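Residue numbering for the sequence shown is 2 to 388, as defined by my numbering.
Cβ atoms here follow ideal geometry from the backbone N, Cα and C, with glycine treated the same way.
Being a predicted model, the structure only gives us computed values, none of them experimental.
Quick notes on the structure that follows.
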Amino acid sequence: MQIKTASRLRFLPPYLFAELDRLKKEVASKGVDVISLSIGDPDLPTPRHIVESLKRAADDPKNHRYPDYEGLPQFREASAQWYRRRFGVGFDSQREVCALIGSKEGIANFSTAVVDPGDIVLIPDPGYPVYYSGCVFNGGEPYFLPLKRENAFVPDLATIPAEVARRAKMLWLNYPNNPTAATVELSFFWDAVKFCLKHDIILAHDSAYSEIAYDGYRSPSVFQADGARDCAIEFHSLSKTFSMTGWRVGFAIGNADLIGALGKVKTNMDSGVFQAVQEAAITGLEGGDGDKLAEYCAIYKERRDLLVTALRALGLECENPRATFYIWTKVPRGYTSVSFTERVLKEAGVAITPGSGFGKGGEGCVRFSLTSGRLVEAVDRLKALRL
Numbered sequence: 002m003q004i005k006t007a008s009r010l011r012f013l014p015p016y017l018f019a020e021l022d023r024l025k026k027e028v029a030s031k032g033v034d035v036i037s038l039s040i041g042d043p044d045l046p047t048p049r050h051i052v053e054s055l056k057r058a059a060d061d062p063k064n065h066r067y068p069d070y071e072g073l074p075q076f077r078e079a080s081a082q083w084y085r086r087r088f089g090v091g092f093d094s095q096r097e098v099c100a101l102i103g104s105k106e107g108i109a110n111f112s113t114a115v116v117d118p119g120d121i122v123l124i125p126d127p128g129y130p131v132y133y134s135g136c137v138f139n140g141g142e143p144y145f146l147p148l149k150r151e152n153a154f155v156p157d158l159a160t161i162p163a164e165v166a167r168r169a170k171m172l173w174l175n176y177p178n179n180p181t182a183a184t185v186e187l188s189f190f191w192d193a194v195k196f197c198l199k200h201d202i203i204l205a206h207d208s209a210y211s212e213i214a215y216d217g218y219r220s221p222s223v224f225q226a227d228g229a230r231d232c233a234i235e236f237h238s239l240s241k242t243f244s245m246t247g248w249r250v251g252f253a254i255g256n257a258d259l260i261g262a263l264g265k266v267k268t269n270m271d272s273g274v275f276q277a278v279q280e281a282a283i284t285g286l287e288g289g290d291g292d293k294l295a296e297y298c299a300i301y302k303e304r305r306d307l308l309v310t311a312l313r314a315l316g317l318e319c320e321n322p323r324a325t326f327y328i329w330t331k332v333p334r335g336y337t338s339v340s341f342t343e344r345v346l347k348e349a350g351v352a353i354t355p356g357s358g359f360g361k362g363g364e365g366c367v368r369f370s371l372t373s374g375r376l377v378e379a380v381d382r383l384k385a386l387r388l
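Here it is, written out as structure tokens:
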């Protein structure tokens, strides 16, 4: 029998991080001790009070059964209250909040909920690959918004052609940004909301890195801009905020119709988040160890300062970010993103991420992650490279 897969698969490149894993394993098989600065997977442990909460919840037989599709009412209420405390914005926890199996799942499924074949989706370039894959999986047409260094890696919405804006169904934004680590002030969200309301465009904001910040920066929410509730949805992940990447829990919050559409897809595609994980997530959202996030951000800031200093000493141009745990760096003259990544991996045993994996706009750059406790050793290895 000849197996024929869906034609939509031809639009997808190999998933960036899966391809990186393959290359790292190939190098490691040759005896190289690889230090990974490639994926944003925190090495700092989930706070102990959250872990202990999971242990207690996992012992409760009521949590061994199917969970609510949209999430436990208590989890949705804790999410809404966290938003109220953090951003000063109130939400109806039962109509305007939906639990997610990590924000990646929600971002992918949201495209299924709102994108029809032929709809244009406005996607930042470079950007998180799932914005693009969710678009093309559902027959949408991507229109890429360049994030340029000279514009502080913020899209210029005024340059979008009128015909594109007329046909556009959704705009993806992501600040603090992955991969560039760029940040914005609330005024940018005011402009984005006005643009989306003018053109009847859904504003989808990926806010996964809002709590990883330094130097006094506080990331705004899109919902602090007037009118956002009429057109927007925001995705938050506990993965970065509480070092819970493996736990797979997050939430979407915003316009009730958009949340309802996402929930309808999820009821047909998954069976919800393990209730014990939701109970542990409630513990995180309600606090109880508020100093832990500040402690972790201080560690990331120390690592940021170390790596930025080292990269600049090597002659590499890079930003000094106010948020996320990424450093976005230009490659040396004569290299592509991939060729520089391969050289650093093979000669220094340090895995980084080629910017081209985030879209054409990422060519000429690489992304370093601060989520390794072996950063000092990695820096020493990088210093040995003759660039």
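Kindly indicate which three-state DSSP category T342 falls into: helix, strand or coil? Counted from its first residue, the sequence shown places residue 342 at position 341. In the structure shown, T342 sits in a helix (DSSP, three-state: H, G or I).
When we look at the beta-carbon of L13 and count the other beta-carbons within 10 Å, is it buried (16 or more) or exposed? Sequence index remark: in the sequence shown, residue 13 carries index 12 (1-based). Exposed, because fewer than 16 other Cβ atoms sit within 10 Å of the Cβ of L13.
What residue ranges within the region 192-263 form continuous alpha helix (DSSP H) runs of no fewer than 4 residues, ordered along the chain? Taking only runs of at least 4 residues, the alpha helix (DSSP H) segments lying wholly in the region 192-263 are 239-242.
Could I get the ranges of all uninterrupted beta strand (DSSP E) runs contained in the region 65-116, with 3 residues as the minimum, in chain order? Taking 3 residues as the shortest admissible run, the region 65-116 contains the following complete beta strand (DSSP E) segments, listed from N- to C-terminal end: 98-101.
What would DSSP say about P130, mapped onto helix, strand or coil? Residue mapping note: residue 130 aligns to position 129 of the sequence shown, counting from 1. For P130, the secondary structure class from DSSP, reduced to helix, strand or coil, is helix.
Continuous beta strand (DSSP E) stretch holding L308: start and end: As a position in the sequence shown, residue 308 is number 307, starting the count at 1. Under the DSSP assignment, L308 falls outside any beta strand (DSSP E), being part of the alpha helix (DSSP H) whose first and last residues are 292-314.
First through last residue of the alpha helix (DSSP H) which encompasses A169: What you label residue 169 is simply residue 168 of the sequence shown in a count that begins at 1. Careful: A169 lies outside any alpha helix (DSSP H), inside the beta strand (DSSP E) at 169-174.
Quick one, are the C-beta atoms of P48 and G285 less than 8 Å apart? Counted from its first residue, the sequence shown places residue 48 at position 47. Counted from its first residue, the sequence shown places residue 285 at position 284. Judged by their CB atoms, P48 and G285 are nearer to each other than the 8 Å cut-off.
V380 and A295 closer than 8 Å at C-beta: Taking the sequence shown and counting its residues from 1, the one referred to as residue 380 is at position 379. Taking the sequence shown and counting its residues from 1, the one referred to as residue 295 is at position 294. Contact flag unset, no.
Opening and closing residue of the alpha helix (DSSP H) in which K56 lies: Residue 56 sits at position 55 when you count from the first residue of the sequence shown. 49-59 is the span of the alpha helix (DSSP H), which, as asked, contains K56.
Mind reading off the beta-carbon distance from I102 to G135? Whole number of angstroms is fine, and I expect it under 8 Å. In the sequence shown, residue 102 corresponds to position 101, counting from 1. In the sequence shown, residue 135 corresponds to position 134, counting from 1. No, I102 and G135 are not in contact; Cβ-Cβ is about 15 Å, not under 8 Å.
Endpoints, the alpha helix (DSSP H) within which T1 is located: Residue 1 falls outside the range modelled here, since the chain spans only 2 to 388, and no answer is possible.
Quick one: what does DSSP say F359 is sitting in, helix, strand or coil? If you number the sequence shown from 1, residue 359 lands on position 358. In this structure, F359 counts as helix in the three-state DSSP scheme.
Would you kindly work out how many angstroms separate the C-alpha atoms of Y176 and V185, rounded to a whole number? Residue mapping note: residue 176 aligns to position 175 of the sequence shown, counting from 1. Residue mapping note: residue 185 aligns to position 184 of the sequence shown, counting from 1. Straight-line Cα distance between these residues: approximately 7 Å.
In or out: G32 buried (at least 16 other Cβ within 10 Å) or exposed? Taking the first residue of the sequence shown as 1, we reach residue 32 at position 31. Exposed.
Rounded Cβ spacing between A299 and A214 (contact assumed at less than 8 Å): In the sequence shown, counting from the first residue as 1, residue 299 sits at position 298. In the sequence shown, counting from the first residue as 1, residue 214 sits at position 213. That belief does not hold up - the Cβ atoms of A299 and A214 are roughly 11 Å apart, past 8 Å.
What are the start and end residues of the alpha helix (DSSP H) that includes R382? For the purposes of this step, residue 382 is taken as residue 381 along the sequence shown, with counting starting at 1. For R382, the enclosing alpha helix (DSSP H) covers residues 376-384.
What whole-angstrom Cβ distance do I40 and S370 have, given they're in contact under 8 Å? Numbered from its first residue, the sequence shown carries residue 40 at position 39. Numbered from its first residue, the sequence shown carries residue 370 at position 369. Sure, about 6 Å apart at Cβ, within 8 Å.
For K170 versus V223, is the C-beta distance shorter than 8 Å? Your numbering for residue 170 matches position 169 in the sequence shown. Your numbering for residue 223 matches position 222 in the sequence shown. Going by C-beta atoms, K170 is not nearer than 8 Å to V223.
Assign L10 to one of three DSSP states: helix, strand, or coil. Locating residue 10 in the sequence shown gives position 9, counting from the first residue. In the structure shown, L10 falls within a helical segment according to DSSP collapsed to helix, strand and coil.
In the structure shown, what three-state DSSP assignment does T284 receive? Against the sequence shown, residue 284 aligns to sequence position 283. In the three-state DSSP reduction, T284 falls in the helix class (H, G or I).
Going by C-alpha to C-alpha distance, which of V165, E71, A226 sits closest to F1? Nothing in the structure corresponds to residue 1, since the chain is present only between 2 and 388.
Any idea if I283 is buried or exposed, counting beta-carbon neighbours within 10 angstroms, 16 or more meaning buried? Stepping through the sequence shown from its first residue, residue 283 is reached at position 282. I283 is buried by the Cβ-count criterion.
By a C-beta neighbour count over all protein chains shown, 10 Å radius and 16 as the cutoff for buried, is I4 buried or exposed? Position 3 of the sequence shown holds residue 4. Classification of I4: exposed, given that the 10 Å Cβ count is below 16.
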